[in-house]
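Here the structure comes first, spelled out in structure tokens, and everything after it is commentary.
2 protein chains.
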Amino acid sequence: MPGCTTIPYDELHTLALQSFEKAGVPLQDARTAADILCGADLMGIDTHGTKRLIPYIARIHDGIFNPAPDLRIIHQKAGSAVMDGDNGLGPVVGGTALRIACELASSNGVSFVCCRNSQHFGAIAPYAQQACDQKLVCFAGTNAYPTMAPWGGAESKVGNNPVGFGAPRQSGPHFILDIAMSIVARGKIRKSLEKNESIPEGWAVDKQGVPTTDPSEALNGFVLPIGGHKGYGIALAIDILAGVLSGGAVADEVNSLFKQKEHAQRVGHFFIVIDPAVTIGMELYHERMEALYTAMKNCRPQDAHSPVLLPGEIESRTAEKYRRSGIPIDHDLLTSLRRLAAGEAPADVPQA
Amino acid sequence: MPGCTTIPYDELHTLALQSFEKAGVPLQDARTAADILCGADLMGIDTHGTKRLIPYIARIHDGIFNPAPDLRIIHQKAGSAVMDGDNGLGPVVGGTALRIACELASSNGVSFVCCRNSQHFGAIAPYAQQACDQKLVCFAGTNAYPTMAPWGGAESKVGNNPVGFGAPRQSGPHFILDIAMSIVARGKIRKSLEKNESIPEGWAVDKQGVPTTDPSEALNGFVLPIGGHKGYGIALAIDILAGVLSGGAVADEVNSLFKQKEHAQRVGHFFIVIDPAVTIGMELYHERMEALYTAMKNCRPQDAHSPVLLPGEIESRTAEKYRRSGIPIDHDLLTSLRRLAAGEAPADVPQA
Numbered sequence: 046m047p048g049c050t051t052i053p054y055d056e057l058h059t060l061a062l063q064s065f066e067k068a069g070v071p072l073q074d075a076r077t078a079a080d081i082l083c084g085a086d087l088m089g090i091d092t093h094g095t096k097r098l099i100p101y102i103a104r105i106h107d108g109i110f111n112p113a114p115d116l117r118i119i120h121q122k123a124g125s126a127v128m129d130g131d132n133g134l135g136p137v138v139g140g141t142a143l144r145i146a147c148e149l150a151s152s153n154g155v156s157f158v159c160c161r162n163s164q165h166f167g168a169i170a171p172y173a174q175q176a177c178d179q180k181l182v183c184f185a186g187t188n189a190y191p192t193m194a195p196w197g198g199a200e201s202k203v204g205n206n207p208v209g210f211g212a213p214r215q216s217g218p219h220f221i222l223d224i225a226m227s228i229v230a231r232g233k234i235r236k237s238l239e240k241n242e243s244i245p246e247g248w249a250v251d252k253q254g255v256p257t258t259d260p261s262e263a264l265n266g267f268v269l270p271i272g273g274h275k276g277y278g279i280a281l282a283i284d285i286l287a288g289v290l291s292g293g294a295v296a297d298e299v300n301s302l303f304k305q306k307e308h309a310q311r312v313g314h315f316f317i318v319i320d321p322a323v324t325i326g327m328e329l330y331h332e333r334m335e336a337l338y339t340a341m342k343n344c345r346p347q348d349a350h351s352p353v354l355l356p357g358e359i360e361s362r363t364a365e366k367y368r369r370s371g372i373p374i375d376h377d378l379l380t381s382l383r384r385l386a387a388g389e390a391p392a393d394v395p396q397a
Numbered sequence: 046m047p048g049c050t051t052i053p054y055d056e057l058h059t060l061a062l063q064s065f066e067k068a069g070v071p072l073q074d075a076r077t078a079a080d081i082l083c084g085a086d087l088m089g090i091d092t093h094g095t096k097r098l099i100p101y102i103a104r105i106h107d108g109i110f111n112p113a114p115d116l117r118i119i120h121q122k123a124g125s126a127v128m129d130g131d132n133g134l135g136p137v138v139g140g141t142a143l144r145i146a147c148e149l150a151s152s153n154g155v156s157f158v159c160c161r162n163s164q165h166f167g168a169i170a171p172y173a174q175q176a177c178d179q180k181l182v183c184f185a186g187t188n189a190y191p192t193m194a195p196w197g198g199a200e201s202k203v204g205n206n207p208v209g210f211g212a213p214r215q216s217g218p219h220f221i222l223d224i225a226m227s228i229v230a231r232g233k234i235r236k237s238l239e240k241n242e243s244i245p246e247g248w249a250v251d252k253q254g255v256p257t258t259d260p261s262e263a264l265n266g267f268v269l270p271i272g273g274h275k276g277y278g279i280a281l282a283i284d285i286l287a288g289v290l291s292g293g294a295v296a297d298e299v300n301s302l303f304k305q306k307e308h309a310q311r312v313g314h315f316f317i318v319i320d321p322a323v324t325i326g327m328e329l330y331h332e333r334m335e336a337l338y339t340a341m342k343n344c345r346p347q348d349a350h351s352p353v354l355l356p357g358e359i360e361s362r363t364a365e366k367y368r369r370s371g372i373p374i375d376h377d378l379l380t381s382l383r384r385l386a387a388g389e390a391p392a393d394v395p396q397a
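From first to last, the protein sequence lines stand for chains A and B.
Just so we're aligned, residue 46 is where the first sequence starts under this note's numbering, counting upward by one.
Just so we're aligned, residue 46 is where the second sequence starts under this note's numbering, counting upward by one.
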């Protein structure tokens, strides 16, 4: 890629860690956040990697996000807990909640931890990866600033709420699903606009709710959910798990990281973690996971040159490659990270 | 509808209960199963209501399903449990597992109960409704006989695994989502075939995995998952929760209710139940749920005459109407139910 170089994972992690610390984030929290963002970069999910560190730190600098939150568990009973994020960084709140959820699952078989008063927390895949590395199954999600209309509606009221699911494997890539509820990401529509291309029918509607193939009309309108009312319903279910059950903000109470810079985002997250060792034991669990993998892998592919994939395989291959040869990083982003790591004030960035 | 009459809910429930009892199902199990099947009919989900009782009882009669299973909890720790369905009827295994999941959630905040060696368990909505009536949030799913190809595959290897989510409301219909992973049900494609109509692009592929608008080719091929790789990924995640984590059958190890009559189905189910009273308390929970509802209801609709709906609203209205005026039922089905309730042997039925 032009304008790109590569950087070893450890070096990127150090830059992220130092950037957070210089912004006033305590060491353990800085490590938690760096693990999540660099984890995304390593998997090739660069839209949700250290690129996001720049606006996060800009909001700390503006006094909007709290660099050193007091992460309190406000309710806990056996396997369930509710955490107040105290307006901290999303990956700090999310990463800490995941740690607690993993501990509670080990002692209770299953856990449910939800958080309120957090922010954008990056991709879900790195959280799922961490749970899988501890031999735990993880189902997680977050609500988000609304960019979708309810099914049959003509106003932005629902977040394109992502959801993730991770299940460990003994050898070979973990099962890691990380998806948002729209058919395509807005970023993909922005790329069509840049190339002056129309978009396929079914991706989006204009601001009146009328189907459109014009990327500009689509960006002023709404992306459409997968399966119509089905994706809309799942997005609402995620909002209930992350927003309602944490006693936090829901639907259009959630603010944008970019469009409402003067406000905290008030995002909610949730983690449901299950310990297979406690349900059926690791031996039977692994045997059954491999039965599922074998069934998919033995399936005749539509294209003989493209064998069937399972969620997480591409990201795992990417991570393997990037661990060897370094992570590709944009020159400008690397320069910004180096400046932040050296303690310079952040320059704000336009929406990704 | 021609060939239809109406029957009061209580009368239908009595017929179902007696039919199960006459087939050798113990009273409490018969009641559990009748609650689920009649609950589906009441909500207007007649494809998954008492119509299913006929093949269920036919399989008992053939000695394939176990009318009086010993439902053993084979692993339990705090909030998590694994049940062996002992080849019992799906709604008996599922309804019993849900009851245990609700009890465990009340004492642990959250519970995870999964089952193996069960059968087709009907619609998910009646299970979600039961949890909601107990003021509990419920996330449930089941694996199923494969009718979908993996994304990029050209063979039936994945069930069109349904998933459901219920969240209670203080007044007004509960939030109840009950969806399968295909864009449309195979039944809808069968209707197009009967009417000699083509189907829209994107619904299905033929048996080579090539997109088709011919309903006959589609029925010989595979229905497509919502959001392509996204729906495929969710279907696999459900298989992990229901099949892998119960130590049961997965993917194409699960048998068809209709096509493999000589075998038990070996279906797996799961229930994750959360008690809002234990997380944030019912008062804040209800306030937050209503905030979510208000946001959707205040959304400007695309069509001024069709206000935005939330999952479960249509089914709740139908149930209200059917409670008043009786449930519409096909004459032939009613005749079959009356015969079964009187202890006659079942006549087998073609696939619904």
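Here a beta-carbon is modelled for each residue, glycine too, at the ideal position from N, C-alpha and C.
Using the beta-carbon count (16 or more within 10 Å), is residue i buried or exposed?
{"i": "Leu134 of chain A", "result": "buried"}
{"i": "Ile118 of chain A", "result": "exposed"}
{"i": "Arg485 of chain B", "result": "Since the first and last residues shown for chain B are 46 and 397, residue 485 of chain B lies out of range."}
{"i": "His308 of chain A", "result": "exposed"}
{"i": "Leu385 of chain A", "result": "buried"}
{"i": "Asp284 of chain A", "result": "buried"}
{"i": "Lys275 of chain B", "result": "buried"}
{"i": "Pro395 of chain A", "result": "Caution is warranted here: a pLDDT of 49 is assigned to Pro395 of chain A, below 50, making its placement in the model unreliable, and the coordinate value is therefore given only provisionally. Pro395 of chain A should be labelled exposed."}
{"i": "Asn265 of chain B", "result": "exposed"}
{"i": "Cys344 of chain A", "result": "buried"}
{"i": "Glu389 of chain A", "result": "exposed"}
{"i": "Gly89 of chain B", "result": "buried"}
{"i": "Pro391 of chain A", "result": "buried"}
{"i": "Arg311 of chain A", "result": "buried"}
{"i": "Asp115 of chain A", "result": "exposed"}
Which residues share a DSSP beta bridge with residue i?
{"i": "Val203 of chain B", "result": "B:Met193"}
{"i": "Pro373 of chain B", "result": "B:Thr51"}
{"i": "Lys122 of chain B", "result": "B:Ser125"}
{"i": "Phe184 of chain A", "result": "A:Phe210 and A:Ile317"}
{"i": "Phe157 of chain B", "result": "B:Ser125 and B:Ile317"}
{"i": "Gly198 of chain B", "result": "A:Pro346"}
{"i": "Arg117 of chain B", "result": "B:Asp129"}
Thinking C-alpha only, which one of the options is nearest residue i?
{"i": "Tyr400 of chain B", "options": "B:Val295, B:Ile279, B:Cys177 and B:Val323", "result": "Coverage of chain B is limited to positions 46 through 397, which leaves residue 400 of chain B absent and any answer about it impossible."}
{"i": "Thr95 of chain A", "options": "A:Ala113, A:Gly108, A:Arg76 and A:Pro321", "result": "A:Arg76"}
{"i": "Gly198 of chain B", "options": "A:Arg333, A:Ala142 and A:Ser351", "result": "A:Ser351"}
{"i": "Ala170 of chain B", "options": "B:Glu328, B:His308, B:Val182 and B:Thr50", "result": "B:Val182"}
{"i": "Gly247 of chain B", "options": "B:Ser156, B:Ala263 and B:Ser291", "result": "B:Ala263"}
{"i": "Phe303 of chain B", "options": "B:Gly89, B:Phe110 and B:Ile52", "result": "B:Phe110"}
{"i": "Gln164 of chain B", "options": "B:Pro136, B:Asn153 and B:Asp178", "result": "B:Pro136"}
{"i": "Tyr54 of chain B", "options": "B:Asp74, B:Leu116 and B:Asp86", "result": "B:Asp86"}
{"i": "Ala364 of chain A", "options": "A:Pro346, A:Glu242, A:Cys83 and A:His376", "result": "A:Cys83"}
{"i": "Pro260 of chain A", "options": "A:Gln253, A:Asp131 and A:Asn241", "result": "A:Asn241"}
{"i": "Ala61 of chain B", "options": "B:Cys49, B:Leu281 and B:Asp80", "result": "B:Asp80"}
{"i": "Ala24 of chain A", "options": "A:Thr92, A:Phe315, A:Lys306 and A:Glu200", "result": "The requested residue 24 of chain A does not occur in the structure, where chain A is confined to residues 46 to 397."}
{"i": "Arg214 of chain A", "options": "A:Thr187, A:Glu332 and A:Ile228", "result": "A:Glu332"}
{"i": "Ser227 of chain A", "options": "A:Gln174, A:Lys180, A:Leu281 and A:Gln253", "result": "A:Leu281"}
{"i": "Gly48 of chain A", "options": "A:Ala387, A:Arg383 and A:Leu378", "result": "A:Leu378"}
{"i": "Gly293 of chain A", "options": "A:Met128, A:Gln174, A:Gly272 and A:Gly108", "result": "A:Met128"}
{"i": "Gln121 of chain B", "options": "B:His93, B:Leu238, B:Val158 and B:Thr50", "result": "B:Val158"}
Practice item. Could I get the ranges of all uninterrupted alpha helix (DSSP H) runs contained in the segment 245-328 of chain B, with 4 residues as the minimum, in chain order? Key: Complete alpha helix (DSSP H) runs here, min 4: 260-265, 274-284 and 321-324.
Check your understanding: Relative to chain A, which residues along the segment 142-160 of chain B have a C-beta separation below 8 angstroms, given in chain order?
Key -> Contact residues of the segment 142-160 of chain B toward chain A are Ser152, Asn153, Gly154, Val155, Ser156, Phe157 and Cys159 (C-beta to C-beta distance below 8 angstroms).
Exercise for review: Using a Cβ-Cβ cut-off of less than 8 angstroms, give me the residues of the segment 293-311 of chain B that come near chain A, in sequence order.
Suggested key: Result list: Gly293, Val295, Ala296, Asp297 and Glu298.
Practice item. May I ask you to list, following chain order, the residues of the segment 120-132 of chain A that have a beta carbon less than 9 angstroms from some beta carbon of chain B? Key: Along the segment 120-132 of chain A, the positions whose C-beta sits under 9 angstroms from a C-beta of chain B are His120, Gln121, Lys122, Ala123, Gly124, Ser125, Ala126 and Val127, read in chain order.
Review point. Any residues in the segment 174-192 of chain A with a beta carbon nearer than 9 angstroms to a beta carbon of chain B? Which ones, in chain order?
Key: Those residues of the segment 174-192 of chain A that come within reach of chain B (Cβ to Cβ, closer than 9 angstroms) are Val182, Phe184 and Pro191.
Check your understanding: What are the residues of the segment 249-278 of chain B that lie near chain A, defined by any Cβ-Cβ distance shorter than 7 angstroms?
Key -> Within the segment 249-278 of chain B, the qualifying residues are Gly254, Ile271, Gly272, Lys275, Gly276 and Gly278.
Check your understanding: When you check each C-beta in the segment 312-333 of chain A against every C-beta of chain B, which residues fall closer than 7 angstroms?
Key -> Cβ contacts with chain B: Ile317, Ile319, Pro321, Val323, Thr324, Ile325, Leu329, Tyr330 and Arg333.
Practice item. Pick out the complete beta strand (DSSP E) segments inside the segment 201-243 of chain A, 3 residues or longer, and give them in chain order. Key: Whole beta strand (DSSP E) segments, 3+ residues: 208-212 and 220-224.
Check your understanding: If you measure beta-carbon to beta-carbon, which residues of the segment 333-345 of chain A are closer than 7 angstroms to chain B?
Key -> Listed in sequence order: Arg333, Met334, Ala336, Leu337, Ala340, Met341, Cys344 and Arg345.
Check your understanding: Listed from N- to C-terminal order along the chain, which residues in the segment 192-209 of chain A have their beta-carbon within a distance smaller than 8 angstroms of any beta-carbon of chain B?
Key -> Within the segment 192-209 of chain A, contact with chain B at the beta-carbon level (separation under 8 angstroms) is assigned to Ala194, Pro195, Trp196, Gly197, Gly198, Ala199, Glu200, Lys202 and Val203.
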